[in-house]
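Working notes for the structure below.
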Ligand SMILES: [Zn+2]
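In this note's numbering, the protein residues as written are 91 to 169.
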């Protein structure tokens with residue numbers, strides 16, 4: 091018997107057998123989170139900035155994406 095501590099991870103395993111992402115999946119995996127219609131911070135940010143989304147966790151950020159993330163972090167630290 092296998093116990094899963096993360097409920098969402100369990101759902102992913104049940105539905106797909108294995109994660110489609112090279113990172114192996116998990117709570118912070120953007121692929122897993124999209125599959126579960128979970129809120130993905132970077133997706134939200136990139137959509138706001140009209141930038142393409144990353145295919146999976148191992149895909150490199152483009153310069154524009156990095157800029158958007160940087161801007162968000164800067165804004166956040168001012169709060
Ligand atoms: Zn991933």
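Where a beta carbon is used, it is the ideal one built from N, C-alpha and C, also for glycine.
Provide the residue span of the alpha helix (DSSP H) that contains residue 136, from first to last.
For the purposes of this step, residue 136 is taken as residue 46 along the chain shown, with counting starting at 1. Counting along the chain, the alpha helix (DSSP H) containing residue 136 begins and ends at 131-138.
Any heavy atom of ligand 1 closer than 7 Å to the beta-carbon of residue 128?
Counting from 1 along the chain shown, the entry for residue 128 is found at position 38. Flag unset: Cβ of residue 128 not near ligand 1.
Rounded to the nearest angstrom, what separates residue 169 and residue 126 at their Cα positions?
The residue you call residue 169 lines up with position 79 of the chain shown. The residue you call residue 126 lines up with position 36 of the chain shown. Per-residue confidence for residue 169 stands at a pLDDT of 49, beneath the threshold of 50, marking its modelled position as unreliable; no derived number is given.
The alpha helix (DSSP H) with residue 128 in it runs from where to where?
One-based indexing of the chain shown puts residue 128 at position 38. Taken as a continuous stretch (DSSP letters only), residue 128 belongs to no alpha helix (DSSP H), as it is neither H nor E.
Quick one: Cα of residue 155 to Cα of residue 123, how far?
Taking the chain shown and counting its residues from 1, the one referred to as residue 155 is at position 65. Taking the chain shown and counting its residues from 1, the one referred to as residue 123 is at position 33. Their backbone Cα atoms lie some 19 Å apart in a straight line.
For residue 91, which residues from the same chain have a beta carbon less than 6 Å from its beta carbon, with the 5 sequence-adjacent residues on both sides left out?
Walking along the chain shown from the start, residue 91 turns up at place 1. For residue 91, the pLDDT reaches just 43, beneath the cut-off of 50, and the residue's location in the model is therefore unreliable, although a value from the coordinates is still provided. Nothing meets the Cβ criterion.
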